[in-house]
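Numbering (mature numbering (1 follows the signal peptide of the UniProt record, and there is no 0)) for the sequence shown: -19 to -1, 1 to 366.
By construction, the Cβ of each residue, glycine as well, lies at the ideal position given by its N, Cα and C atoms.
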Amino acid sequence: MPRVLLLAAALFVTVGACAQPEPAPPASAAASADPETTVETEAGTLGVYEVASGLDHPWGIAFLPDGRALVTERAGRLHLLGDGTLDVVAGTPEVADDGQGGLLDVALDPDFETNQLVYLTYAKPGPSGGAATAVGRGRLDGGALVGFEDLWVQAPFERGGRHFGSRIAFAPDGMLLVSSGDRGQEDPAQDLGNTVGTIVRLNRDGSVPDDNPFVGQDGAEPEIWAYGIRNAQSLAVHPTTGEIWEAEFGPRGGDELNLIERGANYGWPLVSSGSEYSGASIPDPSTRPDLTVAVRDWSPVISPSGMLFYTSSTIPAWTGSLMLGSLGRQGIVRLELDGDMVTHEETVELGVRIRDVEQGPDGAVYVLTDDGNGAVWRLAPLPAE
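See the structure below:
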């Protein structure tokens, strides 16, 4: 039986647990486990099951083919969750655990079943101080990442612990996509001579594809795919169209959902639907028709973090929806799309900041709670009585 059924049993797991793995329970036992609580949604009443707790600000989650999961902690630890244990994976890079920085997203190579490659984003300490968003990869071998190496490092290194971006996605052609935050510097997001405030597109070995939009342009960094981005902690590829979708934090107001196009400028900090924290105004996007406008913006903010297109029929009313983790609304923001238009929006209130959202192999929705005693929760229909 897939190991994910053990997770579905809502077993309580703590960091550093050392118990020997227990045999997976029968499917009937997993299905009948009582939820910690329930939540009312447009899909009906869902159970909220606690899969793991005791995590220090978990940031990213990725499921292995056998149903186990890799979970990052911002402080720098990578955990392997499954079989009733939450074990630390060795071989991760040193991180700058400062403010919003640390060990951030995790993703599997599209060919993981044959190459066992795992990708991590993190805040890389600079040689003379400061930090930069970086993405690297290593081969998962038992309880360790072997041969971890950086593939790309944001330039330049900046001081301060803000706006690392750091979500990973893979395009249908296998290209590696990484969101790179503006590091709180604002203006450089309009400068193609650096890579802050961008979406970068790379070959999986870290080299630059020849068809990137700024390859060969004087003064431009060739890895840039799109720019004018503030702090994108949500990045996903549409499973049918292959479109790249991104959501980012605005300043005071003006969070955005964007459809990312090749070479497009998304306007930050030239325009925004929000204002500066000082109260100073920012020109509205309508004043600059030459810039790419957001599909949706939010004021007050939702603080989006983590994104998925839900493809399972386990929760039928959600099939095809775009799901965003929300720090601000403390739950999940579910969107229905028609092309590049949002036609419906639902907030699933969970009462805690949600840092990441992922679909499990069992079709349930898994979320990471952003807390010093963070948890992995599973949302799924209640078992039939």
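{"Item": "Roughly how many whole angstroms lie between the Cα atoms of residue 342 and residue 361?", "Value": "12 Å"}
{"Item": "Return the chain-ordered ranges of every beta strand (DSSP E) run that is complete within the segment 211 to 293 and spans a minimum of 3 residues.", "Value": "213 to 218, 225 to 229, 236 to 241, 277 to 279, 285 to 290"}
{"Item": "What residue does the beta strand (DSSP E) around residue 94 start on, and which one ends it?", "Value": "Per DSSP, residue 94 belongs to no beta strand (DSSP E); it is in the alpha helix (DSSP H), 93 to 96."}
{"Item": "Taking C-alpha atoms, which residue in 60, 66, 53 lies nearest to residue 86?", "Value": "53"}
{"Item": "Given this structure, state the Cα-to-Cα distance separating residue 233 from residue 239, to the nearest angstrom.", "Value": "18 Å"}
{"Item": "From which residue to which residue does the beta strand (DSSP E) around residue 350 run?", "Value": "346 to 350"}
{"Item": "Tell me, please, which residues DSSP counts as bridged to residue 337.", "Value": "349"}
{"Item": "Please tell me whether residue 178 and residue 249 are closer than 9 Å, where the distance is taken between their beta carbons.", "Value": "yes"}
{"Item": "Restricting to runs no shorter than 3 residues, where is the beta strand (DSSP E) found entirely within the segment 76 to 146?", "Value": "84 to 89, 98 to 106, 112 to 122, 125 to 134"}
{"Item": "Which of the three DSSP states, helix, strand or coil, is assigned to residue 26?", "Value": "strand"}
{"Item": "Specify the secondary structure class of residue 297 as computed by DSSP and reduced to three states.", "Value": "helix"}
{"Item": "Leaving out five residues on either side along the sequence, give the residues of the same chain with a beta carbon under 7 Å from the beta carbon of residue 114.", "Value": "102, 104, 135, 145, 146, 147, 161, 162"}
{"Item": "According to DSSP, is residue 343 helix, strand or coil?", "Value": "coil"}
{"Item": "Does the distance from the C-beta atom of residue 331 to that of residue 300 stay below 9 Å?", "Value": "no"}
{"Item": "Decide yes or no for the touch test of the segment 191 to 201 against the segment 121 to 138: beta carbon pairs closer than 8 Å, at least 3 of them.", "Value": "no"}
{"Item": "Does DSSP put residue 354 in a helix, in a strand, or in coil?", "Value": "coil"}
{"Item": "Which one of 21, 42, 118 has the shortest CA to CA distance from residue 357?", "Value": "42"}
{"Item": "In its own chain, which residues sit with a C-beta less than 7 Å from the C-beta of residue 298, not counting the 5 before and 5 after it?", "Value": "23, 24"}
{"Item": "Residues in its own chain within less than 8 Å of residue 275 by CB, not counting five upstream and five downstream?", "Value": "237, 238, 239, 247, 254, 266"}
{"Item": "Identify whether residue 168 lies in helix, strand or coil by the three-state DSSP scheme.", "Value": "helix"}
{"Item": "Going by DSSP, what residue range makes up the beta strand (DSSP E) through residue 55?", "Value": "Segment: none, residue 55 is in no beta strand (DSSP E) and carries neither H nor E."}
{"Item": "Between the segment 304 to 311 and the segment 276 to 293, can you find at least three pairs of beta-carbon atoms closer than 8 Å?", "Value": "yes"}
{"Item": "Under 9 Å between the Cβ atoms of residue 166 and residue 251?", "Value": "no"}
{"Item": "Thinking C-alpha only, which one of 71, 63, 36, 315 is nearest residue 56?", "Value": "36"}
{"Item": "If I'm right that residue 157 touches residue 184 with Cβ under 8 Å, what's the distance once you round it to whole angstroms?", "Value": "7 Å"}
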